[in-house]
Amino acid sequence: TLLRLATTELMVQRKIYGSFTLCQTDFKWFGPSLPHSTIFTVLSFLGVEDSYIDFFKKYLSMSLVFPQDGPNTEPRTRLCGVPISQTLSDVFGEIILACLDFAVSKATKGRCQLYRFHDDVWFWGQKGDCEVAWEAIKKFTKVMGLALNEEKTGTVHVSDKGEKPSSSLPKGPVRWGFLVLDPVKGRWVVDMVNVDQHIVEMRLQFAQCRSVFSYVQAWNSYMGRFLGNNFGHPANCLGIEHLDMVFSTFKYIQKKLFEDDDNTTGCEDVTSYLKSVIEERFRTKDIANVFLYWPVELGGLELRNPFISLMTARENSETQPDDLLEIAWEQDEEEYDDYKRAFEKDRSKHRVDVPQGCDAEKFFPFEDFVRFREETSPYLKAAYDRLLDSPTIKSLEYTRFVEYALNTLPLEFRTSKHIRTNFTAMDVYWRWTVHLYAAEAMERFGGLGLGEKEMLPVELVNLLRSERVRWQG
Numbered sequence: 002t003l004l005r006l007a008t009t010e011l012m013v014q015r016k017i018y019g020s021f022t023l024c025q026t027d028f029k030w031f032g033p034s035l036p037h038s039t040i041f042t043v044l045s046f047l048g049v050e051d052s053y054i055d056f057f058k059k060y061l062s063m064s065l066v067f068p069q070d071g072p073n074t075e076p077r078t079r080l081c082g083v084p085i086s087q088t089l090s091d092v093f094g095e096i097i098l099a100c101l102d103f104a105v106s107k108a109t110k111g112r113c114q115l116y117r118f119h120d121d122v123w124f125w126g127q128k129g130d131c132e133v134a135w136e137a138i139k140k141f142t143k144v145m146g147l148a149l150n151e152e153k154t155g156t157v158h159v160s161d162k163g164e165k166p167s168s169s170l171p172k173g174p175v176r177w178g179f180l181v182l183d184p185v186k187g188r189w190v191v192d193m194v195n196v197d198q199h200i201v202e203m204r205l206q207f208a209q210c211r212s213v214f215s216y217v218q219a220w221n222s223y224m225g226r227f228l229g230n231n232f233g234h235p236a237n238c239l240g241i242e243h244l245d246m247v248f249s250t251f252k253y254i255q256k257k258l259f260e261d262d263d264n265t266t267g268c269e270d271v272t273s274y275l276k277s278v279i280e281e282r283f284r285t286k287d288i289a290n291v292f293l294y295w296p297v298e299l300g301g302l303e304l305r306n307p308f309i310s311l312m313t314a315r316e317n318s319e320t321q322p323d324d325l326l327e328i329a330w331e332q333d334e335e336e337y338d339d340y341k342r343a344f345e346k347d348r349s350k351h352r353v354d355v356p357q358g359c360d361a362e363k364f365f366p367f368e369d370f371v372r373f374r375e376e377t378s379p380y381l382k383a384a385y386d387r388l389l390d391s392p393t394i395k396s397l398e399y400t401r402f403v404e405y406a407l408n409t410l411p412l413e414f415r416t417s418k419h420i421r422t423n424f425t426a427m428d429v430y431w432r433w434t435v436h437l438y439a440a441e442a443m444e445r446f447g448g449l450g451l452g453e454k455e456m457l458p459v460e461l462v463n464l465l466r467s468e469r470v471r472w473q474g
């Protein structure tokens, strides 16, 4: 992902040059503000035939009347903006932004490339190159008749040499979801102000849930995907510090989410909250945890546990990601020493290969050997690739108890997509779930099936779960 790439580049360039600059910007109302004249001019410049351009003009230049303008308003021809969620709209937008990619690459002579999510633009490198890239972006924006979104524009300059940030680059933080880049540490940290605002939003959304099933569905959607994506998935470049930070933030979110209005009472987490709801509505006490987290086809509610994905990666996460670069540096030095010893051992063999103007009796310095390290070092490449990778998922032991529990799974439940008799064929998430809750299932229900299959309303539950979560506006 872009987060991993930017973090890895930060670490490498900071190690080589002692500094790193990261910039972020966004176009304000990009789709609705695209001037039609800009689109047609660029298409013509790129060699698109006039017959196609005429068709695009008819497609875009429609007559519009807005109800709020009154009944006697004359229709007006739209001169800017493209329809939402249309393939041609994506084509027009990418054609314009491809010109921006080329303009920045040309201005910086390839030293600074743009990385985009649609119109969300990131670029990084050394301060001077970023200054040139930013000037190219501003010029492009003016020529194309667009505008930048100042709220989503910012720069972070990380320096080990005490350099000050550039005065010509935009001010403001650089964000990725709920993460913000700390210019002092050079690491991503959680923006707790943003998190608190979203907790208020989450409480509003969950308050609209009228059933236990709808609450489980909303929780799985919010915590399983939205929050996970906004905190960044585990990566070697982010290290174990990032995992622990996300882990503690998830715990904080749960605690705040289920607090009562007086902030003194309430449930500690989603498990205790759902238990309290079920106890209140159905007069049922002593609800088993396995009932909440077990798959629907085995009689559970299939509530997702967001901590499992963090726990599976934590064991093999990098404690100090920078150590990978230190090892690469040491390997470069060892390789240089090997070449130098070979040269000094028998200099006559190498004299025919000495470039003109160089001392045939003297081996070139280490600084020259690593001058183009980013392009030539296999050790740096290996470290770079390792930093971009995800941590190795911790494998769980296939214990005798787990084997026994899975083998007792009744035949009618063996079609489950999640929990199977073949432990290695199961997804990592469900392996962990079995390890966490199988003992309770065996003790409370006598097996991994929490009821008789013909009595479980599986199809009804699946139908309810197939509906999209309706978030309140």
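In this note's numbering, the protein residues as written are 2 to 474. Idealized CB from N, CA, C, for every residue including glycine.
8 Å Cβ cutoff met for residue i and residue j
i	j	result
residue 16	residue 239	no
residue 389	residue 3	no
residue 258	residue 200	yes
residue 10	residue 125	yes
residue 39	residue 146	yes
residue 187	residue 159	yes
residue 237	residue 303	no
residue 154	residue 166	no
residue 297	residue 250	no
residue 100	residue 43	yes
residue 311	residue 235	yes
residue 425	residue 317	no
residue 32	residue 129	no
residue 58	residue 46	no
residue 120	residue 27	yes
residue 83	residue 35	yes
residue 333	residue 371	yes
residue 60	residue 89	yes
residue 243	residue 177	no
residue 273	residue 161	no
residue 229	residue 307	yes
residue 278	residue 194	no
residue 135	residue 24	yes
residue 206	residue 219	yes
Contact belief for residue i with residue j at Cβ below 8 Å, rounded distance in angstroms
i	j	result
residue 127	residue 22	7 Å
residue 367	residue 337	5 Å
residue 300	residue 448	Between residue 448 and residue 300 the Cβ distance is about 10 Å, and since that is not below 8 Å, they are no contact.
residue 191	residue 182	Not quite, the Cβ-Cβ distance comes to about 12 Å (not below 8 Å), so this is no contact.
residue 247	residue 232	5 Å
residue 137	residue 105	5 Å
residue 314	residue 391	7 Å
residue 132	residue 86	Incorrect: roughly 37 Å between the Cβ atoms, too far for contact.
residue 116	residue 309	In fact, because the Cβ distance is near 31 Å, the residues do not count as touching under 8 Å.
Cut-off 7 Å between Cβ atoms - residues of its own chain near residue i, not counting five sequence neighbours on either side
i	result
residue 65	76, 77, 79
residue 341	364
residue 63	79
residue 408	422
Residues that DSSP places opposite residue i in a beta bridge
i	result
residue 20	160
residue 26	122
residue 64	78
residue 183	188
residue 149	28
residue 116	123
residue 155	25
residue 177	180
residue 298	In DSSP, residue 298 forms no bridge with anything.
residue 36	81
Spatial neighbours of residue i in its chain, beta-carbon cut-off 6 Å, leaving aside the 5 residues before and after
i	result
residue 432	397
residue 427	421
residue 217	302, 304
residue 419	296, 431
Nonlocal neighbours in the same chain, by C-beta distance under 8 Å from residue i, ignoring five residues either side
i	result
residue 375	13, 17, 381
residue 442	289, 291, 295, 406, 448, 449, 451
residue 269	255, 256, 259
residue 329	378, 380, 381, 383, 384
Test: residue i CB closer than 8 Å to a CB of chain C
i	result
residue 305	Although the question refers to chain C, the structure presented lacks it and comprises just one protein chain.
(request) Count the CB pairs spanning the segment 423-437 and the segment 282-289 that are closer than 8 Å, and state whether there are at least three. (result) Judged by Cβ distances under 8 Å, the segment 423-437 makes no contact with the segment 282-289, as fewer than three pairs qualify.
(request) Give a yes or no on contact between the segment 67-83 and the segment 41-54, applying the rule of three or more CB pairs nearer than 8 Å. (result) With a cut-off of 8 Å, the segment 41-54 and the segment 67-83 do not count as touching, because too few Cβ pairs lie within range.
(message) Taking contact to mean 3 or more Cβ pairs, one atom from each stretch, closer than 8 Å, check whether the segment 220-229 and the segment 379-386 are in contact.
(response) In this structure the segment 220-229 does not lie against the segment 379-386, because fewer than three pairs of beta carbons, one per stretch, are closer than 8 Å.
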